[in-house]
Structures are given as C-alpha cells and as structure tokens.
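Each residue of the sequence shown is one higher than the one before, counting from 1 in full-length UniProt numbering.
This report refers to the structure that appears directly beneath it.
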Amino acid sequence: MTDPSRACSAQAPLGAFSPSPAVSAFDRWRLPCDDGKLLVLRSTDSAEQAGGGGEEMTAYWRAQARKQLERSRDANTTLLMGSVRSEASRASAPQPTDTLRPEELKSDVDLGQRVDRLQLESCQAEIQGFKKKLVLLEEFNTELCHLKAKAESEAVGLEEQIMRLQIENKKLQDASARQSAQLRDLRSLRGGESQQLQSLEVQMQEQMSAAAEQLADATSRWTGCGLSSCILSLWERLWGLDDFVAELAGLREERDTLKEDLHIALSAAGPPDARNRASRRTEEGPLDRAAALEADLEMAEKMLRACEKENESLAQQNRQLRQGARLQREEVDGRQLQLVSELNAAKAEANPASMRRLTDLERELQTTKERAEEHARELAPWQSASGAGRRGGSWSGR
Numbered sequence: 001m002t003d004p005s006r007a008c009s010a011q012a013p014l015g016a017f018s019p020s021p022a023v024s025a026f027d028r029w030r031l032p033c034d035d036g037k038l039l040v041l042r043s044t045d046s047a048e049q050a051g052g053g054g055e056e057m058t059a060y061w062r063a064q065a066r067k068q069l070e071r072s073r074d075a076n077t078t079l080l081m082g083s084v085r086s087e088a089s090r091a092s093a094p095q096p097t098d099t100l101r102p103e104e105l106k107s108d109v110d111l112g113q114r115v116d117r118l119q120l121e122s123c124q125a126e127i128q129g130f131k132k133k134l135v136l137l138e139e140f141n142t143e144l145c146h147l148k149a150k151a152e153s154e155a156v157g158l159e160e161q162i163m164r165l166q167i168e169n170k171k172l173q174d175a176s177a178r179q180s181a182q183l184r185d186l187r188s189l190r191g192g193e194s195q196q197l198q199s200l201e202v203q204m205q206e207q208m209s210a211a212a213e214q215l216a217d218a219t220s221r222w223t224g225c226g227l228s229s230c231i232l233s234l235w236e237r238l239w240g241l242d243d244f245v246a247e248l249a250g251l252r253e254e255r256d257t258l259k260e261d262l263h264i265a266l267s268a269a270g271p272p273d274a275r276n277r278a279s280r281r282t283e284e285g286p287l288d289r290a291a292a293l294e295a296d297l298e299m300a301e302k303m304l305r306a307c308e309k310e311n312e313s314l315a316q317q318n319r320q321l322r323q324g325a326r327l328q329r330e331e332v333d334g335r336q337l338q339l340v341s342e343l344n345a346a347k348a349e350a351n352p353a354s355m356r357r358l359t360d361l362e363r364e365l366q367t368t369k370e371r372a373e374e375h376a377r378e379l380a381p382w383q384s385a386s387g388a389g390r391r392g393g394s395w396s397g398r
C-alpha cells in the first residue's frame with residue numbers, strides 16, 4: 001500500500017509551494033490527501049530526521065492550495081449560477097489531482113498571504129493581551145508576595161502569642177498545684193479544729209474568772225486604804241507647790257534687783273581699797289541680809305530641782321501605768337479578736353449540727369467583751385488613784 005503523503009507529493013512538482021511562516025504549527029501537520037484521509041505529523045524534527053520532511057511539506061501545501069482553489073470556484077459558481085451546479089460544470093471542474101495553473105497559484109499565494117497577515121494581526125493582538133495579562137499577573141504576584149510577608153509576620157506573632165500562652169498556662173498549672181497542696185494541708189488541719197475550739201472555750205472561761213478575781217482584789221485593796229484622804233492631801237501638796245513656785249519666782253526677781261543695786265553702789269563708791277575701808281562698817285548689815293537671801297535662794301532652787309525631778313519620776317510612773325493598762329487592753333482585745341476569727345473559721349467549716357453551739361459561743365464572747373470593757377472602765381480611776389497615791393507617799397516621805 002502506497003503512503004498517502006508520497007502519493008500527494010508524486011502528483012505535484014517539488015518546490016511548487018513554500019510554507020508560510022504565519023501558518024500555525026498545528027495546521028502545518030494536518031495533511032489532507034487525495035484519498036480523503038488526513039495525515040497528522042507529530043513532530044517536525046522527527047519528520048526531518050526520517051528524511052521525508054520536504055516531500056511531506058510539499059504535499060501539505062499542495063493540498064492546501066487545491067482546497068483554496070475549490071473554495072474560490074465554489075464561490076464563483078454560487079454567484080453566477082446559484083446554488084445548483086450542473087454535472088457538466090462538475091465534470092469540467094478541475095479535480096484535486098489536476099495541476100494548478102500559474103495564475104491560480106498566484107491567487108492562491110496572495111490569498112495565503114492575506115490569511116497570513118490576518119493571522120499575524122490576530123497573533124499580535126493576542127500577544128498584547130498576553131502582555132497585559134502578564135502585567136496583571138505580575139501585580140497579582142507582587143500583592144501575593146506582600147500578603148505572604150504579612151501572613152509570615154502574623155504567623156510569627158501568633159507563635160509568640162502561643163509561647164506566651166503556654167508560659168501563662170504553665171504558671172496557672174503551678175498555681176493550681178500550689179493551691180491543691182494548700183487545700184490538702186487545710187483538709188489535714190481541719191480534723192483538729194474541734195479540739196482547738198474546745199481549748200479556746202476553756203481558756204476564755206479561765207481568763208474571765210481571772211479578770212473577775214483581779215477586779216475583786218483591786219477593789220478590796222483600794223477600799224481599805226483611805227484613798228480619799230490620800231487624794232486630798234495630794235491636791236493640797238500640789239497647791240502648796242504652786243505657791244512655792246510663785247514665791248521662788250519673786251525671790252529670784254528680788255535677788256536680781258539686789259545684785260543690780262549692789263553693783264551700782266560698788267561702782268559709785270570709788271577705788272576698791274578706799275571703798276572697802278569706808279563702807280565696811282556701814283554695809284555689814286545689808287551684806288549679811290544679801291548673803292542670807294542668796295542662801296535662801298539657793299535652797300529654793302535646790303528644792304525646785306528636787307520637785308522637778310520628782311514630777312518627772314511621777315510622770316514616768318504614770319506613763320508606765322498607762323502603758324501597762326493599754327497593753328492589757330490590747331492583749332485582751334487581741335485575744336478577743338483571735339477568738340472571734342477562730343470562731344468564724346470554725347463556723348465556716350463546721351457541720352450544721354454545731355451551728356447552735358457556735359452561736360452560743362459568739363454570745364458568750366460578746367458578753368465577755370462587754371464585761372472586759374466594763375472592768376477596764378472601772379480600773380481606770382483606780383489606776384489614776386494608785387498613781388496619785390504613790391506620788392503622795394513620796395511627798396510624805398520627804
């Protein structure tokens with residue numbers, strides 16, 4: 001069986017047609033032949049390497065020329081004679097296997113060139129469209145790069161946030177573990193709270209009894225000592241001390257006046273020797289009086305200093321007594337606060353069966369607090385009287 005491409009090349013002279021560069025590669029390798037079949041060439045390089053590239057190309061372009069000629073003849077026939085063709089025209093029409101004339105070949109070449117130009121223009125338009133698409137793709141690629149960088153930065157931020165959250169989660173886990181340990185400790189200590197509550201009740205009762213005994217002892221001790229007479233004598237001594245201070249101030253003023261007068265008299269008498277000889281006899285009386293006044297003044301100053309020291313010691317004793325009373329009140333208040341806190345804790349953690357007992361304990365604690373405040377108010381005048389009595393005893397000892 002003869003190859004269709006070689007049969008087509010045998011009917012036309014070689015070199016009659018030349019391929020146009022504007023024809024697409026797909027159209028070049030679709031080769032119609034005389035027997036009505038289509039020869040498809042897969043690759044130009046493979047055809048040329050096989051040695052039949054020139055014959056196949058010539059056969060292809062020969063078939064294209066015959067097809068264009070038939071199209072032109074059909075168009076002319078349609079224009080001149082209508083859509084009906086006679087058998088004579090068909091018989092007289094050149095067959096695809098006939099040889100083309102030069103003018104037909106030229107018209108076919110011109111037609112092929114026009115087609116090639118149209119294809120070239122369409123290809124250029126497609127190239128411009130591709131260039132625009134390429135610019136759009138580049139812009140899109142740039143935007144994608146920016147979005148990628150932004151996404152990477154957000155990913156880094158998310159990783160940092162995840163790390164921080166992991167650290168916070170670790171801290172929360174540690175805190176939860178510590179709280180669990182504390183809760184276990186509290187549960188372990190909860191068993192002995194009832195015993196502590198009972199011991200606190202016993203201590204509170206003991207303190208109440210001790211405070212009552214102290215109050216009774218102080219009352220019995222101060223009622224039998226003649227406190228009123230001691231206080232009156234103390235006030236009299238204080239009033240006398242005020243008079244003595246006023247008298248001492250007058251003596252000091254008189255001493256200053258006498259010193260000034262003596263200085264003026266000595267300066268007006270003349271030289272010391274003559275003044276001593278002349279006024280020795282006349283001034284013996286005033287000098288003795290001045291010496292006595294100076295001695296009295298010194299004695300008064302000594303007594304004043306002794307009184308000041310005694311006042312300081314009494315003030316210090318008073319401060320000590322007040323401090324002791326304040327410490328006792330603070331100790332009582334602190335103990336009461338501790339009892340209240342312990343009772344509240346026991347109330348919070350106790351079972352409902354012991355709630356009435358806790359209420360009773362709160363009432364007893366409130367009554368104890370009120371009694372302690374009353375005892376403190378009752379002890380305050382006794383403490384002040386005790387300080388006054390000590391000061392009166394010191395004055396009587398002098």
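A virtual CB, placed ideally from N, CA and C, is assigned to each residue, including glycine.
**Asked** So, using beta-carbon positions, are LEU365 and LEU339 closer together than 7 Å?
**Response** In this structure, LEU339 lies closer than 7 Å to LEU365 by Cβ.
**Prompt:** Roughly how far, in whole angstroms, is the beta-carbon of GLU294 from the beta-carbon of ARG255, given that I think they are within contact range, below 8 Å?
**Reply:** 7 Å
**Asked** If we ignore side chains and look at the alpha-carbon of each, how far apart do ARG178 and GLY324 end up?
**Response** So the alpha carbons of these two residues sit roughly 43 Å apart.
**Request:** Return the CA-CA distance between GLN173 and ASP185, expressed in angstroms with no decimal places.
**Result:** 18 Å
**Request:** Have a look at LEU327 and GLN320 and give me their C-alpha separation to the nearest angstrom.
**Result:** 10 Å
**Item:** Presumed contact (8 Å Cβ cut-off) between LEU105 and ALA63, rounded CB distance
**Value:** 14 Å between Cβ atoms; not a contact.
**Prompt:** Under 7 Å between the Cβ atoms of LEU304 and LEU251?
**Reply:** Not closer than 7 Å, so no.
**Asked** Going by the beta-carbon positions, is the gap between GLN68 and LEU120 smaller than 7 Å?
**Response** no
**Prompt:** Which of helix, strand or coil does DSSP assign to PRO381?
**Reply:** helix
**Message:** So for ARG114, helix, strand or coil by DSSP?
**Reply:** helix
**Request:** Compute the Euclidean distance between the alpha carbons of LEU134 and GLU126, then round it to the nearest angstrom.
**Result:** 12 Å
**Message:** Can you give me the C-alpha to C-alpha distance between ASP360 and LYS171, rounded to a whole angstrom?
**Reply:** One C-alpha to the other measures close to 45 Å.
**Between the CA atoms of CYS123 and ASP108 - distance to the nearest angstrom** = Distance from the CA of ASP108 to the CA of CYS123, rounded to the nearest whole angstrom, comes to 22 Å.
**Item:** Distance, ARG114 Cα to GLU139 Cα
**Value:** Linking GLU139 to ARG114 through their CA atoms gives a straight-line distance of about 37 Å.
**Asked** Hey, out of SER209, GLU70, ALA292, whose CA is closest to ALA372's CA?
**Response** SER209
**Prompt:** For ARG371, does the three-state DSSP call read helix, strand or coil?
**Reply:** helix
**Item:** Alpha carbon of LEU136 to alpha carbon of ALA175, nearest angstrom
**Value:** Approximately 57 Å, taken between the alpha carbons.
**Asked** Where are the alpha helix (DSSP H) runs, 4 residues long or more, that stay fully inside the stretch 123 to 152, in chain order?
**Response** none
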